[in-house]
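Have a look at the structure below before the remarks.
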Amino acid sequence: MFVSKKKYDLLLTRYELAASRADQLEKLFTEFERSCPSHGNGWSYKCILECREAAQAIAQPGSEDLGMTIDRMAFIDRYLNKLIPVVTRRMPDFERQMWEDALKRRTADIYVPPYRYCQQEGDA
Numbered sequence: 002m003f004v005s006k007k008k009y010d011l012l013l014t015r016y017e018l019a020a021s022r023a024d025q026l027e028k029l030f031t032e033f034e035r036s037c038p039s040h041g042n043g044w045s046y047k048c049i050l051e052c053r054e055a056a057q058a059i060a061q062p063g064s065e066d067l068g069m070t071i072d073r074m075a076f077i078d079r080y081l082n083k084l085i086p087v088v089t090r091r092m093p094d095f096e097r098q099m100w101e102d103a104l105k106r107r108t109a110d111i112y113v114p115p116y117r118y119c120q121q122e123g124d125a
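Residues in the sequence shown are numbered from 2 upward in steps of one, following the numbering used here.
Here's what the structure looks like:
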């Protein structure tokens, strides 16, 4: 089968673009895996399960200790914070800065409620 030079060039350009995108995706996955090495491949599943269990605890008050629910939320927060550098690389700088400022205003200290400080001081 004969293909015109124009069609060949078009197909070659599309193939190279697809290969380039595949390389970019592979680099993204590699970077993601490096950012979460100690948790293995199941880390994403664990995060989803923790989120669902926290939602269940919120939907059914009293079904779980408040501290456990807060621990679940803290786990999800840590996971998402590790993902941020990988998935926001192409985000415009001004937008990334806006979100980072919002995160600074709402610190992760919320996950360490006052009653835990009291328990830790009493244990010491």
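Using N, Cα and C, we set each Cβ at its ideal position, and we do this for glycine too.
Environment of residue i [buried if 16+ CB atoms lie within 10 Å]
i	result
Ala55	buried
Arg15	exposed
Arg73	buried
Ala60	exposed
Ala58	buried
Residue i (DSSP reduced to helix, strand or coil)
i	result
Val74	It should be pointed out that residue 74 corresponds to Met in this sequence rather than to Val. DSSP places Met74 in helix when its eight states are reduced to three.
Thr108	coil
Gln120	Note that Gln120 scores 49 on pLDDT, short of 50, meaning its location in the model is unreliable; the coordinates nonetheless yield the value given after this. DSSP places Gln120 in helix when its eight states are reduced to three.
Thr89	coil
Gln98	helix
Asp66	coil
Beta-carbon contacts of residue i that lie in its chain and below 6 Å, excluding the five residues immediately before and after
i	result
Tyr80	Cys48
Ile71	Tyr112
Nearest-angstrom Cβ-Cβ length linking residue i and residue j, presumed shorter than 8 Å
i	j	result
Tyr112	Asp66	Tyr112 to Asp66, Cβ: 14 Å. No contact.
Val87	Glu32	5 Å
Arg97	Thr108	Rounded, the Cβ-Cβ distance is 18 Å, inconsistent with contact.
Residues near residue i in its chain [Cβ-Cβ closer than 7 Å; skip 5 each side]
i	result
Met99	none
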